Amino acid sequence: LREHFVDAKNIAKLKYSSRPKINWSKLAPIIITLTAIFYIFLPLSFEYDIISTNSMIPALRPNEIVIINKLFYSSTTIKRGDIITLKATKATPELLKLGVPKSYRIYRKVIALPGDTVASKDGQVYVNKKLLQGSFSKVPNIENPVKLDSNSYAAISINPKFDGHGILVMEIQQKDILG
Numbered sequence: 003l004r005e006h007f008v009d010a011k012n013i014a015k016l017k018y019s020s021r022p023k024i025n026w027s028k029l030a031p032i033i034i035t036l037t038a039i040f041y042i043f044l045p046l047s048f049e050y051d052i053i054s055t056n057s058m059i060p061a062l063r064p065n066e067i068v069i070i071n072k073l074f075y076s077s078t079t080i081k082r083g084d085i086i087t088l089k090a091t092k093a094t095p096e097l098l099k100l101g102v103p104k105s106y107r108i109y110r111k112v113i114a115l116p117g118d119t120v121a122s123k124d125g126q127v128y129v130n131k132k133l134l135q136g137s138f139s140k141v142p143n144i145e146n147p148v149k150l151d152s153n154s155y156a157a158i159s160i161n162p163k164f165d166g167h168g169i170l171v172m173e174i175q176q177k178d179i180l181g
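Residues are numbered in the numbering used here as their position in the sequence shown, beginning at 1, plus a constant of 2.
So, in structure tokens, the structure goes:
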């Protein structure tokens, strides 16, 4: 057991090495790479936003901070029920008519996928002739069902107490979806 302990006689024999010197020529490329990732890649891949309306309660609440992954849908497909982020562009003309800036981000729940058929009547929304749960009083009547093309989606706000509840966004193009 004694050999496992260092006694006072052997302490003087131990050699303490000095602190290793930093090789900056090897460390500099690593620092530059990490800096480039932080300042170039991250801003191109992620954004943050603060929710400003109650249109998506209970999923998203006012003043919540959300992180938008702009690369997510480049590696996976959009599914019914996903909450998507898009800018108020030509895909949402009803918002532009209300004076919403083009850079404004809106959040909607996907209800129809490419190839689906969407119709509405008297505040009821039908996807592929099946009634969507909920009452959407702000949805205009769509007497003739609209078949979405291979790159289009339909989405809607989900909060029944929101004044703009049921604002249906039709024919959202994949390129208009931020994340």
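C-beta atoms are modelled at their ideal positions from N, C-alpha and C, and glycine is treated no differently. On a predicted model such as this, the values are computed, not experimentally measured, just so you know.
Taking DSSP as the reference, what is the three-state secondary structure of residue i?
i, result
"residue 119", "strand"
"residue 167", "Residue confidence for residue 167 is low, a pLDDT of 48 falling below 50, so the modelled location carries little weight and cannot support an answer."
"residue 99", "helix"
"residue 106", "coil"
"residue 80", "coil"
"residue 42", "helix"
"residue 3", "Model confidence at residue 3 stands at a pLDDT of 47, short of 50, so the residue's coordinates are unreliable; what they give is reported in the following sentence. Coil."
In the DSSP assignment, find the alpha helix (DSSP H) that holds residue i and state where it starts and stops.
i, result
"residue 75", "74 to 77"
Where do the ends of the beta strand (DSSP E) carrying residue i lie?
i, result
"residue 33", "Here residue 33 belongs to no beta strand (DSSP E); instead the alpha helix (DSSP H) covers 26 to 38."
"residue 126", "126 to 129"
Determine the contact status of residue i and residue j, defining contact as a CB-CB distance below 9 Å.
i, j, result
"residue 64", "residue 53", "yes"
"residue 178", "residue 62", "no"
"residue 143", "residue 124", "yes"
"residue 51", "residue 34", "no"
"residue 157", "residue 110", "yes"
"residue 120", "residue 129", "yes"
"residue 58", "residue 174", "no"
"residue 72", "residue 40", "no"
"residue 116", "residue 77", "no"
"residue 181", "residue 86", "yes"
Return the bridge partner residues of residue i from the DSSP annotation.
i, result
"residue 85", "111"
"residue 148", "120"
"residue 133", "128"
"residue 157", "112 and 171"
Does the ligand GTP have even one heavy atom less than 8 Å from the beta-carbon of residue i?
i, result
"residue 84", "Of ligands this structure carries none, so the ligand GTP is not represented either."
Quick one: complete beta strand (DSSP E) runs, 3+ long, within the region 45 to 77? 48 to 52 and 67 to 71
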